[in-house]
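J.: Using our numbering, read the sequence shown as starting at 731 and increasing by one per residue. Encoded as structure tokens, here's the structure I'll be asking about.
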Amino acid sequence: MSEQSSKRPDVDTYFMQIAKVVATRATCLHRRVGAVIVKGKQIVSTGYNGAAAGHPHCLDIGCAREGVPSGKNMELCRGSHAEQNAISFAARYGIAIEGATLYCTLYPCSACAKSIINAGIARVVYEIEYPDPLAREILSLIEVRQWRPEE
């Protein structure tokens, strides 16, 4: 086995890679986002962006926000964000996430940031920036860092 292929990834890289795989399940036509909630180095919940359980996916029926500029009229979207879905899944099954780390492929929006804080998540690791100043203000109460692939 070569030295490159036998190198063990650090914890953040490991869980971010899993979040990227989770994102492949997303059903949003505009962006695929994945989230993984980790507690004690164990995955306790995952989520990706898509329609509410039991509702048709945008992949199947089209986007209700077609032609609307990015970041505008979010209330028209039938989908839930990856972070919301991961938090909701944990709540649904009674999984405690206080003190957990959330790995997400995109910086959380302000709505998700509020849910992250209210759920007691202590740390967020994200890959791609998202321009939401209010989210940054809300998440300033916890540790947030951008993940960068190992070189």
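Every residue gets a Cβ at the ideal spot worked out from N, C-alpha and C, and that includes glycine.
Residue 811: buried (16+ other C-beta within 10 angstroms of its C-beta) or exposed?
T.: For this step, residue 811 is matched to residue 81 along the sequence shown. By the neighbour-count rule (16 or more Cβ atoms within 10 Å), residue 811 is buried.
J.: Could you please give the first and the last residue of the uninterrupted beta strand (DSSP E) stretch that includes residue 737?
T.: One-based indexing of the sequence shown puts residue 737 at position 7. Note, residue 737: premise wrong, no beta strand (DSSP E); not H, not E.
J.: Measure the C-alpha to C-alpha separation of residue 776 and residue 832 and round it to an integer number of angstroms.
T.: Counting from 1 along the sequence shown, the entry for residue 776 is found at position 46. Counting from 1 along the sequence shown, the entry for residue 832 is found at position 102. Those two C-alpha atoms are separated by around 9 Å.
J.: How do the stretch 741-749 and the stretch 792-803 stand: do at least 3 beta-carbon pairs fall below 8 Å, yes or no?
T.: Counting Cβ pairs under 8 Å, fewer than three are found: no touch.
J.: On the criterion of 16 or more Cβ atoms from any shown chain inside 10 Å, does residue 804 qualify as buried, or is it exposed?
T.: In the sequence shown, residue 804 corresponds to position 74, counting from 1. The Cβ neighbour count for residue 804, taken over all protein chains shown within 10 Å, is under 16; the residue is labelled exposed.
J.: Could you check the C-alpha separation between residue 781 and residue 829 for me, to the nearest Å?
T.: Numbered from 1 along the sequence shown, position 51 holds the residue referred to as residue 781. Numbered from 1 along the sequence shown, position 99 holds the residue referred to as residue 829. Rounded to whole angstroms, residue 781 to residue 829 spans 28 Å at the Cα level.
J.: Residue 759: which of 875, 807, 749 and 745 sits nearest, CA to CA?
T.: Reading the sequence shown from its first residue, position 29 is the one you call residue 759. Among 875, 807, 749 and 745, the Cα nearest to that of residue 759 is on 807.
J.: Which first and last residues belong to the alpha helix (DSSP H) in which residue 834 is found?
T.: To locate residue 834, count along the sequence shown from 1; it is residue 104. Counting along the chain, residue 834 falls outside any alpha helix (DSSP H), though it belongs to the beta strand (DSSP E) covering 831-836.
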